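Chains as they are written, first to last, in my numbering: chain U, 22 to 415; chain B, 22 to 415. C-beta atoms are modelled at their ideal positions from N, C-alpha and C, and glycine is treated no differently. Fair warning: this is a prediction, and the values are worked out from it, not measured in the lab. Below is one structure, written out as structure tokens, with a few remarks after it.
2 protein chains.
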Amino acid sequence: MERVYLDYAAATPIDKRVASVMQKWTKSAWANASSLHKEGEAAKDILEQARIDIARILHCKKSEVIFTSGGTESANLTILGIVEAIKKKWKKRKRKYCPHVVTSTIEHPAVLEPIKNLLKKGEIEASFVFPNKEGIINPQSITRELKENTILVCIMHSNNEIGTIQPIRKIKKAIGPRPFLLVDASQSVCFEDVSTERLGADILILDGVKMYGPRGAGILVVKSGTEIAPVLFGGGQENGLRSGTENVISATGLAKALKICEQTREKESARLKKLRDYAIKKILATFPNASLNGSLENRLPNNINICFGSKSQGVTLGPGSSKVTPWDSEFAIIKLDTLGFAVSAASACHNLSLENSSYVIEALGKPECASSSLRFTLGRATKKSDLDKLIKVL
Amino acid sequence: MERVYLDYAAATPIDKRVASVMQKWTKSAWANASSLHKEGEAAKDILEQARIDIARILHCKKSEVIFTSGGTESANLTILGIVEAIKKKWKKRKRKYCPHVVTSTIEHPAVLEPIKNLLKKGEIEASFVFPNKEGIINPQSITRELKENTILVCIMHSNNEIGTIQPIRKIKKAIGPRPFLLVDASQSVCFEDVSTERLGADILILDGVKMYGPRGAGILVVKSGTEIAPVLFGGGQENGLRSGTENVISATGLAKALKICEQTREKESARLKKLRDYAIKKILATFPNASLNGSLENRLPNNINICFGSKSQGVTLGPGSSKVTPWDSEFAIIKLDTLGFAVSAASACHNLSLENSSYVIEALGKPECASSSLRFTLGRATKKSDLDKLIKVL
């Protein structure tokens with residue numbers, strides 16, 4: 022039986038063209054990019070070419086592109102680094118403020134957890150803004166929280182669970198040049214122009230694993246002027262912001278993956294949007310108790326997240342059927358898995374916390390849906406027949 | 022002209038067998054190892070198999086093996102993590118100690134820099150132990166520094182510049198079960214058994230780039246019982262110690278690279294030792310002012326580090342020659358490079374600091390050699406004829 026993979030938000034396969042670029046450089050660009058000899062210089066040239074290619078697509082300076090080991094590291098480095106830099110500055114000026122960070126309740130754990138940790142240690146104050154029922158953050162709900170000591174606002178471009186797209190430009194406009202705005206656009210980059218210029222982000226986070234690129238590799242853009250201190254110390258690579266021998270091969274893979282996303286963005290978005298809307302309509306028609314989690318209008322073209330009704334309420338199986346069964350997302354994932362479908366509930370990262378419910382869906386004011394929803398995320402290989410099969414099996 | 026690469030300490034090429042294992046899993050193990058479906062479980066199984074393979078070779082528990090993005094991250098995470106954990110514990114017990122760390126003056130920047138940074142911030146006390154003239158750390162010079170508040174000793178297994186091998190077992194014996202002992206064995210792993218059992222290390226650091234393995238990938242062993250707090254926060258992967266989507270493909274590459282190192286260790290060490298000693302003898306005979314930096318006896322089989330005489334003193338070119346020219350390592354590297362040889366002076370990481378001298382060689386009490394030494398590091402492809410060509414050209 023051919024498997025149907027519908028979990029592209031958790032991980033995308035590595036594009037053949039990306040793998041082939043990386044394979045090529047594995048043989049010839051393995052030297053240390055910080056070495057002074059020809060082998061080192063060649064590696065450095067290839068690294069810098071990747072940086073230039075990325076900067077061109079993201080409309081930023083080459084020096085603003087930092088290679089990291091992925092989204093989690095990027096978020097941690099920048100959140101800790103900005104807090105550290107501003108604390109140092111304030112200490113010098115003998116200002117006794119505690120830095121204040123604003124974020125949303127539906128951010129990814131890679132953003133929420135370092136903020137919560139700093140909060141617990143008493144190193145920052147933090148405000149957690151709720152989205153509306155549609156999963157959208159109102160810019161005014163952020164500006165309401167701004168204080169004299171607010172240094173950083175962290176809002177993801179699109180949510181990894183429910184796919185809602187945030188009004189980042191409006192948020193930046195509303196908060197002004199300071200505080201800094203950190204935007205995780207990992208889930209969006211293959212569907213939208215997420216250039217820092219367009220978004221107005223001061224920090225932009227992208228991850229290879231979400232863009233058909235290398236694993237353990239991420240692009241971090243830190244706009245010049247952003248006050249940030251290094252968190253990892255060592256050889257001082259990546260402008261001193263990210264020490265560690267440069268991963269040249271992955272950098273070439275990231276550049277290629279980003280380029281492919283840029284080239285296929287429009288066409289693929291239109292294609293998937295059609296498939297998405299077709300499937301949503303069909304599923305909602307089949308399950309009278311079901312509802313879509315998050316806005317349909319401001320939504321990634323590849324994201325379907327459906328609440329199938331609360332556990333206690335149960336699910337009415339199809340129109341006209343009187344059979345009602347309890348619905349549990351973990352059970353459903355495993356059942357669908359045995360039937361050949363790879364789907365998910367919350368994010369893969371969140372599974373680890375062993376809580377069998379979604380804090381994102383709870384934040385929408387739908388607690389009854391937090392453990393009875395399923396996420397289907399589509400990708401380059403998804404065909405209409407895959408969704409037909411899914412709907413039939415559901 | 023065929024190039025002669027003699028900078029294996031900066032970076033090793035990626036072994037074809039490693040590349041081929043990774044290529045294989047690139048196609049089939051790209052899913053998120055934290056996902057609940059078959060694709061995720063398959064990735065998880067492959068990740069855990071890599072972990073088991075590594076644990077077997079390093080004689081530690083599977084749960085003690087952590088995958089990171091490389092040596093620099095590993096060193097930073099453990100140094101910061103141990104300081105953080107112990108501070109927390111002491112705070113609870115209302116003890117007002119400041120944690121104390123002991124290290125050597127010849128450690129890699131990935132260890133020295135985070136320690137110096139914590140020191141600067143007033144978060145720790147630190148002692149920096151000098152090696153003897155041979156580049157060896159005397160265990161007693163460490164025990165002399167131990168205090169009631171010493172929580173961590175960081176001594177590398179072998180030095181990246183001069184290749185001297187430290188008496189790690191004796192150091193662990195001398196310091197006892199506490200403080201914790203952090204050992205960076207990146208340069209040694211292809212030549213020596215660096216199992217935690219044999220060394221007595223509480224934390225062991227290995228890096229793919231130094232073992233013919235993947236770039237941007239490292240093995241970190243944290244023995245159970247080591248008090249350590251997470252530094253990167255997010256999805257809680259790697260026992261909560263290293264959040265971020267698991268890099269399954271690199272993990273398989275690391276396991277394969279380590280296995281090859283284990284299998285070829287003895288034979289390759291013997292082969293390179295012969296080449297090393299041959300070249301050292303020839304070079305010292307050719308340059309009367311030259312001297313070997315660091316012990317010959319306790320030395321990596323692939324490391325040749327020669328002081329060619331001070332800048333002011335100059336170098337007498339060959340026996341019988343009366344011509345004396347000034348010698349500068351950076352000039353020499355570039356000159357040798359144009360002649361077809363990739364060599365280095367200090368470490369590649371250190372080049373970045375723009376100081377054209379080696380703090381390691383200075384620490385040996387040879388300041389006059391700090392900017393007039395060259396490092397030749399041999400590897401799997403090095404042949405006797407390569408060294409003959411080098412000596413001829415020198």
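CB contact below 8 Å: residue i versus chain B
i: isoleucine 270 of chain U; result: yes
i: proline 179 of chain U; result: In the sequence as presented, proline is not what sits at residue 179 of chain U; that position holds serine. Taking Cβ atoms only, chain B never reaches closer than 8 Å to serine 179 of chain U, which makes this a no.
i: serine 264 of chain U; result: yes
i: leucine 373 of chain U; result: Note on leucine 373 of chain U: pLDDT 42, under 50, position unreliable in the model; the coordinate value appears next. Judged by the 8 Å Cβ criterion, leucine 373 of chain U is in contact with chain B.
i: proline 130 of chain U; result: yes
i: glycine 237 of chain U; result: yes
i: asparagine 138 of chain U; result: yes
i: glycine 221 of chain U; result: no
i: asparagine 97 of chain U; result: yes
i: glutamate 248 of chain U; result: no
i: phenylalanine 254 of chain U; result: yes
i: threonine 403 of chain U; result: no
i: alanine 31 of chain U; result: yes
i: serine 394 of chain U; result: no
Chain-ordered neighbours of residue i on chain U, where CB pairs are closer than 7 Å
i: glutamine 208 of chain B; result: Chain U residues near glutamine 208 of chain B: none, gap ~13 Å exceeds 7 Å.
i: serine 84 of chain B; result: By Cβ distance, chain U contributes nothing, its closest Cβ being about 15 Å from serine 84 of chain B, past 7 Å.
i: glycine 400 of chain B; result: Neighbours of glycine 400 of chain B on chain U: none; closest Cβ ~12 Å, over 7 Å.
i: isoleucine 354 of chain B; result: Leu57, His58
Which listed residue (the options) has its alpha carbon closest to that of residue i
i: asparagine 326 of chain U; options: U/Ser55, U/Gly156, U/Ser41, U/His121; result: U/Gly156
i: serine 148 of chain B; options: B/Ser393, B/Gln44, B/Glu166, B/Thr99; result: B/Glu166
i: glutamate 259 of chain B; options: B/Leu293, B/Ile87, B/Arg38, B/Lys65; result: B/Ile87
i: lysine 117 of chain B; options: B/Ser378, B/Glu144, B/Glu134, B/Asp28; result: B/Glu144
i: histidine 129 of chain B; options: B/Val381, B/Lys302, B/Glu289, B/Glu248; result: B/Val381
i: alanine 353 of chain B; options: B/Gly239, B/Leu415, B/Val123, B/Arg401; result: B/Leu415
i: serine 249 of chain U; options: U/Lys404, U/Asn97, U/Lys294; result: Reading off the sequence, residue 249 of chain U comes out as isoleucine, not serine. Checking every option, the nearest Cα to that of isoleucine 249 of chain U belongs to U/Asn97.
i: serine 49 of chain B; options: U/Lys48, U/Ser56, U/Cys390, U/Ala32; result: U/Ala32
i: leucine 173 of chain B; options: B/Phe329, B/Glu383, B/Gly102; result: B/Gly102
i: isoleucine 127 of chain B; options: B/Glu287, B/Thr185, B/Gly257; result: B/Thr185
i: alanine 363 of chain U; options: B/Ala63, B/Leu79, B/Ile35; result: B/Ala63
i: lysine 244 of chain B; options: B/Asp66, B/Lys413, B/Leu79, B/Thr307; result: B/Leu79
i: asparagine 180 of chain U; options: U/Ile107, U/Ala131, U/Lys142, U/Leu275; result: U/Ala131
DSSP three-state assignment for residue i, whether helix, strand or coil
i: valine 242 of chain B; result: strand
i: phenylalanine 212 of chain U; result: coil
i: leucine 399 of chain U; result: coil
i: leucine 202 of chain B; result: strand
i: cysteine 440 of chain U; result: With chain U covering only 22 through 415, there is no way to say anything about residue 440 of chain U.
i: arginine 24 of chain U; result: coil
i: phenylalanine 151 of chain U; result: coil
i: valine 122 of chain B; result: strand
i: threonine 307 of chain U; result: helix
i: isoleucine 158 of chain B; result: coil
i: aspartate 228 of chain U; result: strand
i: threonine 247 of chain B; result: coil
i: arginine 219 of chain U; result: helix
i: threonine 273 of chain B; result: helix
i: leucine 293 of chain B; result: helix
Residues that residue i contacts on chain B, provided the C-beta gap is smaller than 9 Å
i: glycine 234 of chain U; result: Those within 9 Å of glycine 234 of chain U in chain B number zero; the least Cβ separation is about 10 Å.
i: phenylalanine 149 of chain U; result: By Cβ distance, chain B contributes nothing, its closest Cβ being about 15 Å from phenylalanine 149 of chain U, past 9 Å.
i: valine 230 of chain U; result: Trp51, Asn53, Thr266, Asn268
Amino acids of chain B, ordered along the chain, whose beta-carbon sits closer than 8 Å to that of residue i
i: valine 364 of chain U; result: His58
i: aspartate 358 of chain U; result: Leu57, His58, Lys59
Interface partners of residue i on chain U, CB under 8 Å
i: isoleucine 382 of chain B; result: Ordered by position in chain U, no residue passes the 8 Å Cβ test against isoleucine 382 of chain B, which lies about 17 Å from the chain.
Residue i CB to nearest heavy atom of the ligand FAD below 7 Å
i: glutamine 44 of chain U; result: Among the components modelled here there is no ligand, and therefore nothing to report on the ligand FAD.
Proximity test, Cβ basis, 8 Å: residue i and chain U
i: glycine 156 of chain B; result: no
i: glutamate 283 of chain B; result: no
i: threonine 124 of chain B; result: no
i: threonine 164 of chain B; result: no
i: alanine 71 of chain B; result: no
Chain-ordered chain U contacts of residue i [CB-CB under 9 Å]
i: aspartate 28 of chain B; result: Ala52, Asn53, Ser56, His58, Glu60, Gly61
Test: residue i CB closer than 8 Å to a CB of chain C
i: leucine 241 of chain U; result: Chain labels in this structure do not include chain C; the protein chains are U and B.
Contacts that residue i makes with chain B (C-beta to C-beta distance below 7 Å)
i: serine 442 of chain U; result: The structure shown has nothing for residue 442 of chain U, since chain U only spans 22 to 415.
i: glutamine 44 of chain U; result: Gln44
i: proline 34 of chain U; result: Trp51
- Task: Please go through the stretch 84-138 of chain B and give each complete beta strand (DSSP E) segment of 3 or more residues, from N-terminal end onward.
- Result: 86-89, 121-125
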